[in-house]
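Chains as they are written, first to last, in our numbering: chain A, 35 to 191; chain B, 35 to 191.
Listed below in C-alpha cells is the structure:
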C-alpha cells in the first residue's frame with residue numbers, strides 16, 4: 035500500500051466520519067511527511083495489523099475542537115461536555131475513522147482498542163521503521179486537527 | 035482468556051523485559067480493577083488483535099524511571115538521555131513487553147505499532163466495553179510504573 039493511496043483513504047475516512055457523526059466539514063490542509071510527531075490536548079490512538087503489516091493512527095485535537103466535536107455528536111453544548119464525555123467521544127471517533135478507513139481498503143486489517151490521552155499540548159510520536167504520514171485538517175473556524183498514520187511491514191525471522 | 039490469567043502473563047512479561055533489557059528488578063505491587071485510567075510523564079501504547087478479540091496496553095512511566103530504564107538499555111547515564119532516546123526506548127520497551135506477552139500465550143495476536151506519548155502527568159484512558167486491568171510495579175527505589183491492559187471480544191454484525 036503506497037503512501038499516497040494511504041493518505042487519500044485516511045483523509046476520506048476522517049472527513050466522512052466528522053461529517054456524519056458531528057456535522058463538521060473538515061478541509062484537508064496539508065500532508066506533512068517531514069515530521070514524525072504531532073501535538074494536541076486530547077488524542078485518540080488506535081492500532082491495526084494483519085499478518086504482513088502493522089500500523090497505528092493518532093488523531094490529535096485542540097481542546098476547543100474536541101469539545102465542539104463531542105458536543106455535536108451528543109447534540110449538546112460544548113460547555114456542558116465533561117472529561118468523561120470527551121474521552122468516550124474521542125475514542126469513538128478514532129474507532130470510527132479507522133473502521134471507515136479499513137472499509138475503504140476491503141477490511142484487510144484487524145483493529146485494536148482505541149486509547150485516549152489527555153494532557154495539555156502533549157506530544158505523540160511513533161516508534162517505527164516505516165514512513166509516517168501526517169495530515170492536517172481545518173474546520174470552518176480554522177481549528178486544526180492532526181492525523182498521524184504509519185505502517186510498517188512485518189519482518190519475518 | 036480470563037482476567038487473572040491475563041494479569042499473570044502481562045506481569046511476567048513486564049518483569050522479564052525490564053530485567054533483561056535494563057537490568058531493573060520490578061516488584062508487582064498491586065492489581066487495580068476499579069479504575070480505567072493511569073497517569074504518567076511518558077507512556078508507550080500498543081494495540082493487538084485477532085479475529086475474535088481486540089486489546090490495547092499502555093505502560094506509563096514517571097520521567098525518572100523512564101530515564102533510568104532507557105539509560106540502562108543504552109549503557110549510558112540518565113542525565114545524557116535525550117527526548118529522542120526516551121521516545122525510542124519507551125517504544126521499544128512497549129514493543130518487547132507485548133511481544134513477550136504474546137509469546138507466553140502462543141502468539142495468538144497480531145501486534146500494531148507502538149506510539150509514545152510525552153507530556154507531564156498526562157492521563158491515558160481506554161475506550162472499551164471490556165474490563166481494564168491495571169498492574170502497578172515498583173523498582174528498588176520505589177519508582178512506580180503502571181501498566182493498563184484491556185481486552186474486548188469483537189462483536190459480529
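Each residue gets a CB set at the ideal place from its N, CA and C atoms; glycine is no exception.
Note that the structure is predicted; figures quoted are calculated from it, not measured.
Ignoring anything shorter than 4 residues or poking outside the stretch 39 to 113 of chain A, list the alpha helix (DSSP H) runs there in chain order. 97 to 107
Return no unless some Cβ of chain A is closer than 8 Å to the Cβ of residue 171(B). no
Cβ neighbour criterion (16 or more within 10 Å) applied to residue 39(A): exposed
Beta-carbon within less than 7 Å of residue 159(A)'s beta-carbon, same chain only, minus the 5 sequence neighbours each way: which residues are those? 70, 71
Could you give the C-beta distance for residue 104(B) and residue 124(B), rounded to a whole number, given that I count them as a contact under 8 Å? 7 Å
Beta carbon proximity, residue 8(A) to chain B, threshold 8 Å: In the structure displayed, chain A extends from 35 to 191; residue 8(A) sits before or after that span and is not available.
Whose C-alpha, out of 77(B), 111(B), 102(B), is nearest the C-alpha of residue 59(B)? 102(B)
Could you round the C-beta distance between residue 43(B) and residue 139(B) to whole angstroms and report it? I think they count as a contact, below 8 Å. 6 Å
On the premise that residue 66(A) lies in contact with residue 168(A), defined as a C-beta separation below 8 Å, what is that separation, rounded to the nearest angstrom? 4 Å
Given that residue 43(B) touches chain A, what residues does it touch there, using C-beta distances under 7 Å? Under the 7 Å cutoff, chain A gives no residues; its nearest Cβ is about 17 Å from residue 43(B).
Quick one: list the residues of chain A neighbouring residue 92(B), beta-carbon separation under 7 Å, in chain order. 149
DSSP state of residue 135(B) mapped onto helix, strand, coil: helix
Residue 186(B): first and last residue of the uninterrupted beta strand (DSSP E) it sits in: 178 to 187
Got a sec: is the Cβ-Cβ distance from residue 184(A) to anything in chain B below 8 Å? yes
Residues near residue 177(A) in its chain [Cβ-Cβ closer than 8 Å; skip 5 each side]: 96, 98, 99, 102
Under the three-state reduction of DSSP, which class applies to residue 142(A): helix, strand or coil? coil
Which bits of chain A does residue 177(B) rub up against, with CB to CB less than 7 Å? Those do not exist, as residue 177(B) stays about 20 Å from chain A at its closest Cβ, beyond 7 Å.
Suppose the cutoff is 8 Å on Cβ atoms and the five residues either side in sequence are ignored; what does the same chain contact list for residue 73(A) look like? 94, 155, 156, 157, 158, 180
Going along chain A, which residues have a C-beta under 8 Å from residue 85(B)? 144
Under 8 Å, Cβ to Cβ, is there at least one residue of chain A near residue 68(B)? no
Residue range of the beta strand (DSSP E) that residue 115(B) falls in? Per DSSP, residue 115(B) belongs to no beta strand (DSSP E) and is neither H nor E.
From residue 175(A) to residue 111(B), what distance separates their C-alpha atoms? 47 Å
Just to confirm before moving on: does the CB-CB distance between residue 90(A) and residue 76(A) stay below 8 Å? no
Just list the residues that DSSP pairs residue 168(A) with in beta bridges. 66(A), 182(A)
Partners in chain B for residue 79(A), counting only beta-carbon separations shorter than 7 Å: 79, 149
Residue 152(A) versus 189(A), 146(A), 120(A), 129(A), residue with shortest Cα-Cα distance: 120(A)
Is the CB of residue 133(A) under 8 Å away from at least one CB in chain B? no
Limits of the beta strand (DSSP E) - the one that residue 157(A) falls within: 149 to 160
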